[in-house]
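Numbering follows the working numbering, in which position 60 of the sequence shown is assigned residue number 60; successive positions increment by one, without gaps. Every residue, glycine too, gets a C-beta built ideally from N, C-alpha and C. Heads up, the thing below is written out as structure tokens.
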Amino acid sequence: MSVARGIGKYVVTALAILIVIIGVVIAAALMASNAPVKPIIYKSIELRNATDPVKKARLITDLDDLVAQTQNDAVINQWSRMTDCLGTACPDEAYLDLVLITVAEYEEEIPESPLLINAIAVSKYWNDGDHLLEFSKALSLATDQVEQFKSKNIRKIWDQIVVCNGTCSAKNDLFFEFIKTVVQ
């Protein structure tokens, strides 16, 4: 009898552990979102570069649908702010803000989020003396993070950004190209 009780304890313990593991897996699956994070980033950059009015209209419609799918207040609010300027021309900062908020809200879903957040901070604070410390930290971190990437293309674009030193006419184009390349 005592052998059967000993085995029973092990079986019950094993079953309890199995139930806990299954519960954790189910909880993780439920918490993962189906938000179209990468499509929002791609379409934002595509919209920024679009000149054809029909293409712009389609991209705005697509982005509106994608943003609604997130059911995320921060992303929806940023998109709402952006729609105010879409009739004329949004500044590049509006597009960067939409990407930044989307990446920050879904950090777990984009492994490259720390790099993207730092790169966007570099873009926003370059040549801004009031944010020198934030800029310096973001530039240092982003450069270290870029060096860890195996992609020569990512490193090449980052090197162009650094050489540009926040002053060349292609500065914003380089940052958007960098973001798009990192997210791919």
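Q) Is Ala28 buried or exposed, if buried means 16 or more other CB atoms sit within 10 Å of its CB? A) Low confidence applies to Ala28: its pLDDT is 45, below 50, so where it sits in the model is not reliable, and the reading given next is rough at best. By the neighbour-count rule (16 or more Cβ atoms within 10 Å), Ala28 is not buried but exposed.
Q | Beta-carbon proximity list for Ala104, same chain, < 7 Å, skipping 5 on both sides | A | Ile117
Q: Verify the CB distance criterion: does Leu174 have a CB-CB separation below 8 Å to chain C?
A: Considering every chain present, this structure includes no chain C. It has just one protein chain.
**Q.** Thr70 classed as buried or exposed, judged by whether at least 16 other C-beta atoms fall within 10 angstroms
**A.** buried
Q) In or out: Gln145 buried (at least 16 other Cβ within 10 Å) or exposed? A) buried
(Q) Taking contact to mean 3 or more Cβ pairs, one atom from each stretch, closer than 8 Å, check whether the segment 158–167 and the segment 93–108 are in contact. (A) no
Q) If you draw a straight line from the alpha carbon of Leu206 to that of Ile17, how long is it in whole angstroms? A) This structure leaves residue 206 out entirely; the chain is present only between 1 and 184.
Q. Does the Cβ of Thr102 have 16 or more other Cβ atoms within 10 Å, making it buried, or fewer, making it exposed?
A. buried
Q | Close-in-space but distant-in-sequence residues of the same chain around Ile41 (CB under 8 Å, 5 per side omitted) | A | Val99, Thr102, Val103, Ile179, Lys180 and Val183
(Q) The alpha helix (DSSP H) that contains Thr181, what's its start and end? (A) Lys171 to Val183
Q) Between Arg58 and Phe175, what straight-line distance do the alpha-carbon atoms span, to the nearest angstrom? A) 24 Å
Q: Determine, using beta carbons only, whether Ile157 and Glu177 come nearer to each other than 8 Å.
A: yes
Q) Does the beta-carbon of Ser136 have 16 or more other beta-carbons within 10 angstroms, so that it is buried, or is it exposed? A) exposed
Q. Does the distance from the CB of Leu96 to the CB of Lys124 come in under 8 Å?
A. yes
Q.
Contact defined as beta carbons within less than 8 Å: I believe Glu134 pairs with Ala121. What is the distance between those atoms, to the nearest angstrom?
A. 6 Å
Q) So what does DSSP say about Tyr106, is it helix, strand or coil? A) coil
(Q) So the candidates are Ser44, Gln160 and Ser140; which of them puts its Cα closest to the Cα of Gln78? (A) Ser44
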